[in-house]
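J.: These protein sequence lines map, in sequence, to chains A and B.
Numbering follows our numbering, with no gaps: position 380 of the first sequence is 1090.
Numbering follows our numbering, with no gaps: position 25 of the second sequence is 735.
Number of protein chains: 2
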Amino acid sequence: MSLRELAERARARLPEVAKGDRNGALLAMARLLEARWEEVREANEQDLEAAQKAGLPKAKLDRLRLDERTRKDLVAGLKEIAALPDPLFRLEGLAKRPNGLRVGRMRVPLGLIGFIYESRPGATVEAVSVALKAGNAMLLRGGKEAFQSNQALVALWKEALKEAGLPEEAVSLAPTTDREAVLEMCRLELLDLLIPRGGEELIRLVQKEARVPVLAHAKGVNHLYVDERADLMMALRLALNGKTQRPAVCNALEAVLVHEKVAEAFLPLLEEAMRAKGVELRACPRALPLLKEAVPAKEEEWDREYLDLVLRVKVVEGLEEALQHIARYGSRHTEAICTEDPRTAWRFLEEVDASLVLWNASTRFNDGFQLGLGAEIGISTSKLHAYGPMGVLELTTLKWVALGEGQERT
Amino acid sequence: MSLRELAERARARLPEVAKGDRNGALLAMARLLEARWEEVREANEQDLEAAQKAGLPKAKLDRLRLDERTRKDLVAGLKEIAALPDPLFRLEGLAKRPNGLRVGRMRVPLGLIGFIYESRPGATVEAVSVALKAGNAMLLRGGKEAFQSNQALVALWKEALKEAGLPEEAVSLAPTTDREAVLEMCRLELLDLLIPRGGEELIRLVQKEARVPVLAHAKGVNHLYVDERADLMMALRLALNGKTQRPAVCNALEAVLVHEKVAEAFLPLLEEAMRAKGVELRACPRALPLLKEAVPAKEEEWDREYLDLVLRVKVVEGLEEALQHIARYGSRHTEAICTEDPRTAWRFLEEVDASLVLWNASTRFNDGFQLGLGAEIGISTSKLHAYGPMGVLELTTLKWVALGEGQERT
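1. Given PHE857/B, which residues of its chain have a CB within under 8 angstroms of its CB, disregarding the five upstream and five downstream residues?
2. Check whether chain B comes within 7 angstroms of SER882/A, counting only Cβ atoms and requiring the distance to be less than that.
3. Using only alpha-carbon positions, find the residue among ASN860/B, ARG815/B, LYS854/B and GLU855/B that is nearest to ALA837/B.
4. Under the rule that 16 or more other beta-carbon atoms within 10 Å means buried, what is SER712/A, buried or exposed?
5. For the segment 1087–1109 of chain A, which residues have a beta carbon sitting closer than 9 angstroms to at least one beta carbon of chain B?
6. If ARG815/A sits next to LEU1113/A, beta carbons under 8 angstroms apart, how far is it from one beta carbon to the other, in whole angstroms?
7. Report the neighbours of TRP1012/B on chain A: residues whose CB is nearer than 7 angstroms to its CB, in chain order.
8. Would you give the residue range spanned by the beta strand (DSSP E) that GLN1117/A belongs to?
9. Within 10 angstroms of the Cβ of GLY821/B, are there 16 or more other Cβ atoms? Answer buried if so, exposed if not.
10. Could you give the residue range of the alpha helix (DSSP H) that holds PRO725/A?
11. In chain order, what residues of the same chain have a beta carbon less than 7 angstroms from the beta carbon of ALA949/A, not counting five sequence neighbours either side?
12. Which of the three DSSP states, helix, strand or coil, is assigned to VAL696/A?
13. Could you check where the alpha helix (DSSP H) with GLY734/B kicks off and where it finishes?
14. What residue does the beta strand (DSSP E) around ASN1070/B start on, and which one ends it?
15. Return helix, strand or coil for CYS896/A, following the three-state DSSP convention.
16. Would you tell me roughly how many angstroms separate the C-alpha atoms of GLY1028/B and HIS969/B, rounded to the nearest one?
17. Determine contact between the segment 1032–1050 of chain A and the segment 983–992 of chain A, defined as no fewer than three beta-carbon pairs at a distance below 8 angstroms.
18. Please check if any C-beta of chain A sits within less than 7 angstroms of the C-beta of GLY852/B.
19. Measuring CA to CA, which of ASN809/B, GLU726/B, ALA884/B and ILE826/B is closest to ASN846/B?
20. Measuring only between beta-carbons, confirm whether SER1072/B sits less than 7 angstroms from chain A.
21. With 7 angstroms as the limit, tell me which residues of the segment 903–932 of chain A have their beta carbon closer than that to any beta carbon of chain B; keep them in chain order.
22. Count the other CB atoms within 10 Å of the CB of PRO923/A; is the residue buried (16 or more) or exposed (fewer)?
23. Please report the distance separating the alpha-carbon of GLU890/A from that of ARG781/A.
24. In this structure, how does DSSP classify ASN932/A when only helix, strand and coil are distinguished?
25. State the Cα-Cα distance for the pair GLY810/A and LEU804/A, rounded to the nearest angstrom.
26. Can you give me the Cβ contacts of TYR1039/A inside the same chain, cut-off strictly under 7 angstroms, excluding the 5 residues immediately before and after it?
27. Within the segment 850–879 of chain B, note down every full alpha helix (DSSP H) run reaching 4 residues or more, in order along the chain.
28. When the Cα of LEU1105/B is compared with those of PRO831/B, ALA844/B and GLU802/B, which residue comes out closest?
29. Check whether the Cβ atoms of LYS806/A and ARG800/A sit closer than 7 angstroms, and answer yes or no.
30. When the Cα atoms are used, what is the spatial distance from SER915/B to VAL785/B?
31. Within the 7 angstroms Cβ cut-off, does PRO725/A reach chain B?
32. Need the endpoints of the beta strand (DSSP E) that TYR827/B sits in, please.
33. Quick check on DSSP: helix, strand or coil for ARG1019/A?
34. Could you list the residues in the segment 810–834 of chain B with a C-beta less than 9 angstroms from some C-beta on chain A, going in chain order?
35. For ASN860/B, return the contacting residues in chain A, with the cut-off set at a CB-CB distance below 8 angstroms.
36. If we define contact as Cβ-Cβ less than 7 angstroms, is ASN951/B a contact residue for chain A?
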């Protein structure tokens, strides 16, 4: 079936998804993952074999693998989301107007969401569960390497939906994984939202081609600014946590900006601590003489997301230069300041344009669970609708509702 | 100066706009409209003369005209917006996480907004005032017919900004009004948001070409569904108010759907009342025999916005068919039901996908002031970020903020 047909069939069933037993479907999926894991594992084996033959690097094979631990995490996640309060059809802020008309906003699903992802097949369970909780249908286009795994998981979703009395058309996988499928999604005006999650090239392609609303989940070029009034020991811990606690994720730290007045004291400490963790430093001309083994950072490198044990270091004249650097090279994902001066901190918090701005805390906190939202479908770096982690509420919208007794406009 | 240069200059000054005396600029503009109205009027005269020579119909000339009443309305609007509470930099929902990290959301401007409009030159004052109150800069591309008027008004805006100590780069008018300027705006990745307001063709062009987020303000193909349990006298009043109180606006009524059980009683009443107001009826095959002078509605007509004294009438089997008709032909703008049955009403309220859904009230209430938002920049029919009237809050976004004491992720 073509993408368009899949989308049309999903659209026709949207009210049933919103009104049906969505939690029942989530719990049925949890049971099916337990009972029929063998099917998923076998499909995953096929993907892994093909990927090995194609010579995929070990890191990518690891991301592709669905093991016992993944199963447990997925099942636990489904149960957790099922237990969350239902967001739909609540009326917010119902107020009475002078003419007696009662007006408020009702929370409703976005509708049909297109999800283009390149990542781990586990996302096929996680992303759908968040979207479904919010009453949406979902059209998935996963990565080539995970195609068999994704098919097996979507087959289970369809069974789970059926078990709960929901239309199985609510979750579908695009029949192909080529670039053409991405372009087709971009032009499918039947989508209420398109979420691309993946590499820079994919995001840029979708932003250029899409004729439907897009919430991009782009790279995280995240900075820590170490102010002249920073607690340097705290700054050191935050830099280490940001860079090394899990380097391959989008909220990891990519660059440290250091106030010139503390550069001499801070940079040798930073180098020693980072070296002990195997982190390579790339530095600006002012930082280089203060470091023993750093290499010069190239100009074209400053907006790069390494996702690896590499850290850029730059000495700045002060807050002003730090703000300018972040505005120019940052990716509006996560930005942090370390300072004991509240005035400097608040200026940073107010002026930096990023989905999360932190004062004296690690960039690694930009995450749905850490911020108290619960499960998320990714972290939006788009400013509209949802800026930051997208949880269940971010996959709904508010429409206006008016309850009258015959009111006319005069 | 090119659009790109104007946008770059505006972007560079965004923090100053957000932090500056925005209310001061609004009040200065109000004073300048009083003191220097002559300049605006002269520019408007040039536009009117050219339009007359070009043979524009009278309705369009009326829309183009800036008279004393417009001036008064614009001045009053500016003062009203200046008096609204400031939306920026408020921290919402600051909560303490188990690790002591305080997280919340801070309201900040969207940034640089592109506004493409074809309408009355008064929009040059109204739209900018809402955007500026919310701390945004604005790049305008107005219609050809109003170019002199728009230039005069933007010149006053620049003076008002200067008087209040704000950068005059915050408001600019595109140097040309051709289609090329629209396409250039669509591709200007420096924009945080692009708002097209105008005819269907313009909206579709922008949605197709834009590489930045778009909130479309599309046509209103609005229905009133008269249920079998409707108070028919109320239904009649709502239909008349929706269609005739101001036919040329987007929240006017375009079609009435009537339950078959009340069609025989209701349609003759409707025809008589509408005829008295000079409204032409176009009807479905089932409605035709119940009407004296109606003409058949053509199939391709059902999704049309007349903006005129023309009304479509259709007999439906019941709620189900009404919902399906609205889903197919509606434009997600404004939809109303007239019924005394709360069960039917709530199903309509929940299931109809439109920016405002009304029960026993006129579609004409889809308006920022009527819903209690105050001034608006238009009515969004996009589901993301803002669905319905876009006031000051809808032109801001919420970013996450975290206040820590050295917290690291474990």
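Even glycine gets a Cβ: it sits at the ideal position worked out from N, Cα and C.
Remember, it's a predicted structure, so these values are computed and weren't measured experimentally.
T.: On the basis of the coordinates in this document:
1. Excluding the 5 residues flanking it on each side, PHE857/B has same chain C-beta neighbours closer than 8 angstroms at ASP757 and THR887, in chain order.
2. With respect to chain B, the C-beta atom of SER882/A has no partner C-beta closer than 7 angstroms.
3. The residue among ASN860/B, ARG815/B, LYS854/B and GLU855/B with its C-alpha nearest the C-alpha of ALA837/B is ASN860/B.
4. exposed
5. SER1092, LYS1093, LEU1094, HIS1095, ALA1096, TYR1097, GLY1098, PRO1099, THR1107, LEU1108 and LYS1109
6. In fact, because the Cβ distance is near 12 angstroms, the residues do not count as touching under 8 angstroms.
7. Residues of chain A passing the Cβ test: none, with the nearest at roughly 19 angstroms.
8. 1106–1117
9. buried
10. Boundaries of the alpha helix (DSSP H) harbouring PRO725/A: 724–729, taken from the DSSP string.
11. LEU934, LEU963, VAL966 and LEU980
12. Outside the displayed range of chain A (711 to 1120) lies residue 696/A, so it cannot be described from this structure.
13. 732–745
14. 1066–1071
15. DSSP places CYS896/A within a helical segment (H, G or I) once states are collapsed to three.
16. 5 angstroms
17. At 8 angstroms Cβ cutoff, the stretches do not touch.
18. no
19. GLU726/B
20. yes
21. LEU903, GLN917, LYS918, ARG921 and PRO923
22. buried
23. 31 angstroms
24. strand
25. 12 angstroms
26. VAL931, TRP1012 and ASP1013
27. Here the runs fully enclosed are 857–873.
28. ALA844/B
29. no
30. One point to set straight first is that residue 915/B is Leu, not Ser, in the sequence displayed. The alpha-carbon atoms of LEU915/B and VAL785/B are separated by roughly 34 angstroms.
31. yes
32. 822–827
33. According to the sequence provided, residue 1019/A is Leu. The question's Arg does not apply to it. Note: LEU1019/A maps to coil in three-state DSSP.
34. LEU811, VAL813, ARG815, MET816, VAL818, LEU820 and GLY821
35. Those do not exist, as ASN860/B stays about 26 angstroms from chain A at its closest Cβ, beyond 8 angstroms.
36. Chain A contact via Cβ: present.
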